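K.L.:
Residue numbering for the sequence shown is 1 to 187, as defined by full-length UniProt numbering.
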Amino acid sequence: MAMTTGNRVLKDIKLLLENPVVGVVIVDDIENPMNFDAFITGPEGTGYDGGIFKVDVDVPAQFPMKPPSIHFTTPIFHPNIADFDGYICLDLLDQEWYPSITIGNCLEAIHGLLSDPNPHSPLNGAEAQIYLHDREMYRKTCQTWTYHFANGSSPVQEYEAKIWRMMAKGKTKKAAISRLTDRRWEE
1 MAMTTGNRVL
11 KDIKLLLENP
21 VVGVVIVDDI
31 ENPMNFDAFI
41 TGPEGTGYDG
51 GIFKVDVDVP
61 AQFPMKPPSI
71 HFTTPIFHPN
81 IADFDGYICL
91 DLLDQEWYPS
101 ITIGNCLEAI
111 HGLLSDPNPH
121 SPLNGAEAQI
131 YLHDREMYRK
141 TCQTWTYHFA
151 NGSSPVQEYE
161 AKIWRMMAKG
171 KTKKAAISRL
181 TDRRWEE
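Structure below.
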């Protein structure tokens, strides 16, 4: 007897609650198992360290034959995550999908992507270039975005002064950070 989509999703969620994945948190009172939020914690030793990133998990009716759609709702600086809608470029969620892959496997792979970006298959070319050519700027930029948007605990002081100067000129915090990021922190 084939398992229905709803039963498979509930099985995946139960598995994730009983055997938590490092760096992934879901609440145990999910109202709609076909669409729920999960939280990815920033891996230690990265620019995301200390951050808590919310992702939206949307499970299609064809699951597990089709992968879940997972995207970041917390703004994040990353070469494989779209700035404008949080779309994640990850082969596991596309051409490498197999029905045996669980939702927990997907969330674990996303957590791993924060530690190990793939700059050779980027969604954001500029971020990939920074990652490839200036690792320190990449880390500081990730840390700045994490501090401001994902409750990170350590600001980058040299970048904070630039953000505040742009905000004093009437820019919103997000607009100031985005513009400075685009300009590689040149005012």
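Quick reminder that beta carbons are idealized off the backbone N, C-alpha and C, glycines included. Computed from a predicted structure; not experimentally measured.
Could you name the residues of the same chain whose beta carbon sits closer than 6 Å to that of residue 180, not counting the 5 residues immediately before and after it, in chain order?
P.N.:
In the sequence shown, residue 180 corresponds to position 180, counting from 1. If we look at residue 180 and ignore the five residues flanking it on each side, its Cβ neighbours are 162.
K.L.:
With three or more C-beta pairs closer than 8 Å as the rule, is the stretch 101 to 109 touching the stretch 74 to 83?
P.N.:
Judged by Cβ distances under 8 Å, the stretch 74 to 83 makes no contact with the stretch 101 to 109, as fewer than three pairs qualify.
K.L.:
Under 8 Å between the Cβ atoms of residue 40 and residue 88?
P.N.:
By one-based count along the sequence shown, residue 40 stands at place 40. By one-based count along the sequence shown, residue 88 stands at place 88. Not a contact, by the Cβ cut-off of 8 Å.
K.L.:
Exposed or buried, residue 7, counting other C-beta atoms within 10 Å across all chains shown (16 or more means buried)?
P.N.:
In the sequence shown, counting from the first residue as 1, residue 7 sits at position 7. Exposed, by the Cβ-count rule.
K.L.:
With distances taken between CB atoms, is the gap from residue 42 to residue 51 smaller than 8 Å?
P.N.:
Translated into the one-based positions of the sequence shown, residue 42 becomes position 42. Translated into the one-based positions of the sequence shown, residue 51 becomes position 51. It is a contact, given that the beta carbons lie within the stated cut-off.
K.L.:
Among 16, 146 and 129, which one has its Cα closest to the Cα of residue 183?
P.N.:
Residue mapping note: residue 183 aligns to position 183 of the sequence shown, counting from 1. Taking only the C-alpha atoms, the option nearest residue 183 is 129.
K.L.:
Which residue wins for smallest C-alpha separation from residue 74, given the options 169, 160 and 53?
P.N.:
Taking the sequence shown and counting its residues from 1, one reaches residue 74 at position 74. If we check each option's Cα against that of residue 74, 53 comes out closest.
K.L.:
Can you find the residues in the same chain that come closer than 6 Å, C-beta to C-beta, to residue 152, ignoring five residues on each side of it along the sequence?
P.N.:
Taking the sequence shown and counting its residues from 1, the one referred to as residue 152 is at position 152. 50, 51 and 146, listed in sequence order.
K.L.:
If residue 85 and residue 71 are in contact, beta carbons under 8 Å, what's the gap, nearest whole angstrom?
P.N.:
Position 85 of the sequence shown, counted from the start, is the residue given in the question as residue 85. Position 71 of the sequence shown, counted from the start, is the residue given in the question as residue 71. Rounded, the Cβ-Cβ distance is 6 Å, consistent with contact.
K.L.:
Using three-state DSSP, classify residue 55 as helix, strand or coil.
P.N.:
Looking up residue 55 in the sequence shown gives position 55. DSSP places residue 55 in strand when its eight states are reduced to three.
K.L.:
Which residue's Cα is closest to the Cα of residue 65: 35, 5 and 28?
P.N.:
For the purposes of this step, residue 65 is identified with residue 65 of the sequence shown, where counting begins at 1. When only C-alpha atoms are compared, the closest one is 5.
K.L.:
From residue 187 to residue 125, what does the alpha carbon distance come to, in whole angstroms?
P.N.:
Stepping through the sequence shown from its first residue, residue 187 is reached at position 187. Stepping through the sequence shown from its first residue, residue 125 is reached at position 125. Whole-angstrom Cα-Cα distance: 21 Å.
K.L.:
Hey, quick one: how far does the beta strand (DSSP E) through residue 24 stretch, first residue to last?
P.N.:
Within the sequence shown, residue 24 is the residue found at index 24, counting from 1. First-last of the beta strand (DSSP E) with residue 24: 24 to 26.
K.L.:
Measure the C-alpha to C-alpha separation of residue 185 and residue 144 and round it to an integer number of angstroms.
P.N.:
Looking up residue 185 in the sequence shown gives position 185. Looking up residue 144 in the sequence shown gives position 144. If I take the Cα positions, the gap works out to 11 Å.
K.L.:
Leaving out five residues before and five after residue 170 in sequence, what residues of the same chain have Cβ atoms less than 7 Å from its Cβ?
P.N.:
As a first step, residue 170 must be located in the sequence shown, where it is residue number 170. For residue 170, where only same-chain residues beyond five positions count, there are no Cβ hits under 7 Å.
K.L.:
Taking Cβ to Cβ, would you say residue 57 is nearer than 8 Å to residue 68?
P.N.:
What you label residue 57 is simply residue 57 of the sequence shown in a count that begins at 1. What you label residue 68 is simply residue 68 of the sequence shown in a count that begins at 1. Result yes, Cβ atoms of residue 57 and residue 68 sit closer than 8 Å.
K.L.:
Could you tell me the alpha carbon to alpha carbon distance between residue 165 and residue 32, rounded to whole angstroms?
P.N.:
Indexing the sequence shown from 1 puts residue 165 at position 165. Indexing the sequence shown from 1 puts residue 32 at position 32. Approximately 43 Å, taken between the alpha carbons.
K.L.:
So, is residue 122 buried or exposed, given that buried needs 16 or more other C-beta atoms within 10 angstroms?
P.N.:
Along the sequence shown, read from residue 1 onward, the residue named residue 122 stands at position 122. With 16 or more Cβ atoms within 10 Å of its Cβ, residue 122 is classed as buried.
K.L.:
According to DSSP, which residues form a beta bridge with residue 41?
P.N.:
Looking up residue 41 in the sequence shown gives position 41. Its beta-bridge partners are 52.
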